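Enquirer: Can you read through this structure? Questions will come right after.
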Ligand code: CUA
């Protein structure tokens, strides 16, 4: 009788140890994922907070008028800087090359706006005082609409931008020709 009972206890303990080990592995896996996302700045919102003075965007720093739009970096990637304000984006059309790592850096000059590029997983908020950073690579040339997707008052419905993805070689030669390019070529 007692041996049967002890056998039952031994089975229960073994099963419970296995489940406990499985639970620990799940926790370790989730903590690892969180750490990986943090290190690669892939968390939403991002762990690395960058602040900027929304009242002085036009006066100093990286969001002055001359710095907006696309810039080719030393490593060949492209950084795009933009501002959302009631009720437009500056610049209204972002031109980027295909098959190139793109970093969008954007912020708001007034209230909270949305930054969404149709057909991609780029979807973030532009919050005054903070820089929103989104990374993407576009496969093929084409146009993507970029609607503001956060209600920002009466003109919200009319706040649209566009992302124009160009052939990489064409983009680079256009960039060499002039300092900045727009959708009106
Ligand atoms: Cu800006 Cu809605």
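In our numbering, the protein residues as written are 44 to 228.
Even for Gly, the Cβ is constructed at its ideal location relative to N, Cα and C.
Quantities reported herein were computed from a predicted structural model and do not represent experimental measurements.
Within the continuous beta strand (DSSP E) that includes residue 139, where are the two ends?
Expert: Per DSSP, residue 139 is one residue of the beta strand (DSSP E) stretching across 136 to 140.
Enquirer: Mapping the DSSP letters down to three states, classify residue 55 as helix, strand or coil.
Expert: helix
Enquirer: Might you give, ordered along the chain, the residues of its own chain that have their beta carbon closer than 6 Å to the beta carbon of residue 93, omitting 5 neighbours on each side?
Expert: 174
Enquirer: Contact defined as beta carbons within less than 8 Å: I believe residue 154 pairs with residue 196. What is the distance between those atoms, to the nearest angstrom?
Expert: 7 Å
Enquirer: Consult DSSP for residue 208 and reduce its assignment to one of helix, strand or coil.
Expert: strand
Enquirer: Does the Cβ of residue 172 lie closer than 7 Å to at least one heavy atom of the ligand CUA?
Expert: no
Enquirer: If you compare alpha carbons, which of 124, 183 and 113 is closest to residue 169?
Expert: 124
Enquirer: Once the 5 residues before and after residue 62 are set aside, which same chain residues still bring their CB inside 7 Å of it?
Expert: none
Enquirer: For my contact list, residue 140 and residue 211 are in at a C-beta cut-off of 8 Å; report their separation, rounded to the angstrom.
Expert: 4 Å
Enquirer: Specify whether the region 143 to 158 and the region 110 to 130 touch according to this definition: at least 3 beta carbon pairs, one from each stretch, less than 8 Å apart.
Expert: yes
Enquirer: So who's on the other strand from residue 128, going by DSSP bridges?
Expert: 131
Enquirer: Within a Cβ cutoff of 6 Å, which residues of the same chain sit near residue 167, ignoring the five residues on either side of it in sequence?
Expert: 158, 175 and 177
Enquirer: Reducing DSSP to helix, strand and coil, say where residue 106 ends up.
Expert: If DSSP states are grouped into helix, strand and coil, residue 106 belongs with coil.
Enquirer: Within the same chain, show all residues whose beta-carbon is closer than 7 Å to that of residue 184, passing over the 5 residues directly before and after it, in chain order.
Expert: Cβ neighbours of residue 184 within its own chain (closer than 7 Å, five residues either side excluded): 141, 208, 209 and 210.
Enquirer: Tell me the residue span of the beta strand (DSSP E) that contains residue 202.
Expert: Note, residue 202: premise wrong, no beta strand (DSSP E); not H, not E.
Enquirer: Does the separation of the CB atoms of residue 204 and residue 135 fall below 8 Å?
Expert: yes
Enquirer: In terms of alpha-carbon separation, which member of 106, 214 and 143 lies closest to residue 118?
Expert: 143
Enquirer: Quick check on the DSSP output: the beta strand (DSSP E) that includes residue 146 runs from which residue to which?
Expert: 144 to 151
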